[in-house]
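Using UniProt numbering, read the sequence shown as starting at 1 and increasing by one per residue.
Here a beta-carbon is modelled for each residue, glycine too, at the ideal position from N, C-alpha and C.
For reference, the structure discussed in these notes is given below.
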Amino acid sequence: MAVKGIDLTVRERELVALIGANGAGKTTTLKAVAGIIPPAGGSIYYRGRAVTGKPSFELVREGLALVPEGRQVFGKLTVEENLELGAYARSDSAGIQQDLERIYERFPRLKERRRQTAGTLSGGEQQMLAIGRALMSRPKLLLLDEPSMGLAPLMVRRIFEVIREISQEGVTMLLVEQNAKLALEVSDRGYVMESGLITLSGPAAELAGNPQVRHAYLGE
Numbered sequence: 001m002a003v004k005g006i007d008l009t010v011r012e013r014e015l016v017a018l019i020g021a022n023g024a025g026k027t028t029t030l031k032a033v034a035g036i037i038p039p040a041g042g043s044i045y046y047r048g049r050a051v052t053g054k055p056s057f058e059l060v061r062e063g064l065a066l067v068p069e070g071r072q073v074f075g076k077l078t079v080e081e082n083l084e085l086g087a088y089a090r091s092d093s094a095g096i097q098q099d100l101e102r103i104y105e106r107f108p109r110l111k112e113r114r115r116q117t118a119g120t121l122s123g124g125e126q127q128m129l130a131i132g133r134a135l136m137s138r139p140k141l142l143l144l145d146e147p148s149m150g151l152a153p154l155m156v157r158r159i160f161e162v163i164r165e166i167s168q169e170g171v172t173m174l175l176v177e178q179n180a181k182l183a184l185e186v187s188d189r190g191y192v193m194e195s196g197l198i199t200l201s202g203p204a205a206e207l208a209g210n211p212q213v214r215h216a217y218l219g220e
């Protein structure tokens, strides 16, 4: 889906949701922000500086990390190797080790499976790993693309608890999510995207109460 000149802002320490139907352009937007696909026009600013067209590996070094749709863990590598790859742009060995322990505290199941290959994990465990891998880069801005996709309801709740915790720790986040109800519950503000355009925006609670949003995305 082509994104047609949207205007979207995420302020420091905010958790912002981007909701909309399949094919609305949400993933394309995240990929453009993350430097994975170059935008055909317009400008992307990150921490006050233009980063339009900058490659993703440079943006990672500057503190921007993406948890991709479908998790995309390295299936033949172990859990620990996946997490270590998340810190590839860092050189502070002691800090990396501390962060690894923090990830294991947050996700005890990953610690239990640290020597297992990532491809043998359940979908929920792989999502934990994808989030943990992104956190290993010490992001200032974390982009999450459909973190609840294909997960059992109990695991979805756990993933959203983690998203809330990360936000409360001061990490700025932009969340793309099909489950609009949960996304708006955890977010400060939200945007609604339709056919490549932003059609609504505002405080998350306000959007959750909007009849149009309730009918189209909250199943009411």
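Can you tell which of the options has the C-alpha that lies nearest to the C-alpha of residue i?
| i | options | result |
| --- | --- | --- |
| R113 | V79, I6, I36, V162 | V79 |
| E58 | T28, R158, A89 | A89 |
| V67 | V33, G95, D145 | D145 |
| L129 | A32, V73, F160, G35 | V73 |
| A216 | M193, G35, P203 | M193 |
Can you say whether residue i is buried or exposed, counting buried as having 16 or more other CB atoms within 10 angstroms of its CB?
| i | result |
| --- | --- |
| L154 | exposed |
| S91 | exposed |
| Q127 | buried |
| N22 | exposed |
| T120 | exposed |
| E177 | buried |
| G132 | buried |
| S93 | exposed |
| G5 | exposed |
| E125 | buried |
Please report how far the alpha carbon of residue i lies from the alpha carbon of residue j, in whole angstroms.
| i | j | result |
| --- | --- | --- |
| residue 253 | Y191 | For residue 253 there is no data in the structure shown, the boundaries of the chain being 1 and 220. |
| F107 | N82 | 14 Å |
| L207 | A87 | 36 Å |
| E101 | R138 | 14 Å |
| V3 | S122 | 33 Å |
| I44 | L64 | 13 Å |
| G20 | K26 | 7 Å |
| T199 | Q98 | 43 Å |
| P38 | A205 | 33 Å |
| G219 | I96 | 43 Å |
Sorted by chain position, which residues of the same chain lie with C-beta nearer than 8 Å to residue i's C-beta, five sequence neighbours on each side aside?
| i | result |
| --- | --- |
| M173 | V10, E14, L15, V16, L141, L142, L143, L144, I163, I166, S167 |
| N179 | S148, V156 |
Given residue i, which residues of its chain have a CB within under 7 Å of its CB, disregarding the five upstream and five downstream residues?
| i | result |
| --- | --- |
| T117 | G75, K76, L77, T78 |
| S195 | A24 |
With a threshold of 6 Å on Cβ separation, who are the neighbours of residue i within its own chain once the five nearest residues in sequence on each side are excluded?
| i | result |
| --- | --- |
| E12 | T172 |
Can you find a C-beta in chain D that's less than 7 Å from the C-beta of residue i?
| i | result |
| --- | --- |
| V51 | Absent from the structure: chain D. Only one protein chain is present. |
Contained alpha helix (DSSP H) runs [length at least 4] in the segment 54-109, N- to C-terminal order: Fully enclosed alpha helix (DSSP H) runs of 4 or longer: 56-61, 79-86, 93-106.
Any chance you could list the beta strand (DSSP E) runs of at least 3 consecutive residues sitting entirely within the segment 177-220, in chain order? Counting whole runs of 3 or more residues, the segment 177-220 contains the beta strand (DSSP E) stretches 189-194, 197-203.
Could you pull out every unbroken alpha helix (DSSP H) segment of at least 4 residues lying fully inside the segment 138-172, listed in chain order? Taking only runs of at least 4 residues, the alpha helix (DSSP H) segments lying wholly in the segment 138-172 are 153-168.
May I have a chain-ordered list of the beta strand (DSSP E) segments no shorter than 3 residues that lie completely inside the segment 6-39? With a minimum length of 3 residues, the continuous beta strand (DSSP E) runs that stay inside the segment 6-39 are 15-19.
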